[in-house]
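Quick notes on the structure that follows.
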Amino acid sequence: MMSKRITRRTLLLAVLVTLLALVIPASVVAQDDTITIGYIVKHLDNPWFVAETGGAQELADAMGVELLIQDVQFDSGLALSTLDTYIGTGVDGIIIVVPEQEIGPAVLDRAAEAGIPVIAVDDEIVNSSGIAASFAGFNASLIGEQVAQGAIQQYNERGWADVDGKVGIFNIEFANLGVCVARTDASTATLQEAMPDFPADQMIVAPYDGTLNNALDTFSSVITANPDITHWVLYSCNDDGVMGAVRALEQAGIPAENIIGIGLGAHLACDEWAKEESTGFSGAIFIDAGNHGRFAVANMVNHLRYGVPLPAFTYAPGSFVTEDNADVLGCEA
């Protein structure tokens, strides 16, 4: 299975390099220009961002570009000080995954004053005039719809509309990040449209801070507050929210067959499905996080080396995966 993933990555890398080479004559591409890009990432402990920056580094190496990567651990102050450091050292471009979107205006205004282009990855940001930065990632609303469609598919396949018990649908929501709200709002709207007769009081919002451990802690109280729920449908902004809720349900003795958990990213889902034990993490939208990094680097190099305007957005596609097809659609063996 590893060979399949390497083949797809190698093909993508070749396509990106070829596209860059086609922008101008080969003699110009071959010139020895040194480009330095600073990459600020919000949580490098997370497998998603490990893969994302790995993809960025892969393409940067192929293009002969120096890539500086700094993990800011959800610290907005550190993100801004890192930005200042990059500006001070004279980087040519900045790629950033912001810890929170509120710092977007400060990031973009400072970079613009220094004449340094910025690409936002994963979370969209705007400057003080409301103008959006170039963005590389996925379309939040479309991905949220895909999550809901996966949940609806499994809900119908299991016959839960007529189940002997009570179904609860839980939005594990990270309310402090706009792009996360956009994802889960789209999931909620899609579920409501597909299930117009589902009781509104059984569609419940469970808050968390974007991390697995917090989702586990907070969802434990949600379980206690809903003792009559026997079947659980879970969705969230990422894999972490779903994984935390699944772990809390496991600890409460809820069997895996009573859980439909649909993640986003599949980086934790893949690990879960590699285990022998059954799991309530029943599906995910697989997205190759490395593509986000690759697209951002490709766009930045296009701009810096060849003068190509930064695109308003570059979207990475997502595919619905389960334990049954994960080895074909993304998970490593």
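Residue numbers for the sequence shown, in my numbering: 38 to 370. A virtual CB, placed ideally from N, CA and C, is assigned to each residue, including glycine.
Problem set entry | Closest residue to ASP201 among ASP146, ALA143, ILE266, LEU214 (Cα-Cα distance) | ILE266
Exercise. Between the C-alpha atoms of VAL163 and GLY141, what's the straight-line distance to the nearest angstrom?
Worked result: 6 Å
Problem set entry | Three or more C-beta pairs below 8 Å linking the stretch 307-316 and the stretch 68-81 | no
For this session: Please say whether ILE299 and GLY187 have beta carbons closer to each other than 8 Å?
Result: yes
For this session: Use the C-beta contact count for ASP82: other C-beta atoms within 10 angstroms, 16 or more gives buried, fewer gives exposed.
Result: exposed
Problem set entry | 8 Å CB neighbourhood of ALA51 in its chain, flanking five on each side removed | Only weak support is given to the placement of ALA51: the predicted model assigns it a pLDDT of 44, under 50, and the value that follows is read from those uncertain coordinates. Contacts found: none.
For this session: Go ahead and pull the three-state DSSP assignment for ASN295.
Result: helix
For this session: May I ask you to report which of helix, strand or coil DSSP gives PRO62?
Result: Legend: pLDDT at PRO62 = 36, less than 50; position of this residue unreliable, value from coordinates given subsequently. Three-state DSSP puts PRO62 in coil, outside helix and strand.
Problem set entry | In DSSP terms, what LEU271 is bridged to | PHE207, GLY298
Problem set entry | Proximity of GLY374 and ARG220 at Cβ, strictly below 8 Å | This structure leaves residue 374 out entirely; the chain is present only between 38 and 370.
For this session: Give the DSSP-derived three-state secondary structure of SER178 in the structure shown.
Result: helix
For this session: Look at the alpha carbon of ALA335 and the alpha carbon of GLY125, and state the distance between them as a whole number of angstroms.
Result: 24 Å
Exercise. So what does VAL78 bridge to, in DSSP terms?
Worked result: ASP108
Exercise. In three-state terms, what does DSSP make of THR71?
Worked result: coil
Problem set entry | Contacts around ARG342, its chain only, beta-carbon distance under 7 Å, and the 5 residues preceding and following it disregarded | ASP70, ILE72
Exercise. Looking only at C-alpha atoms, which of GLU139, ALA170, VAL158, ASP159 sits nearest to ALA149?
Worked result: ALA170
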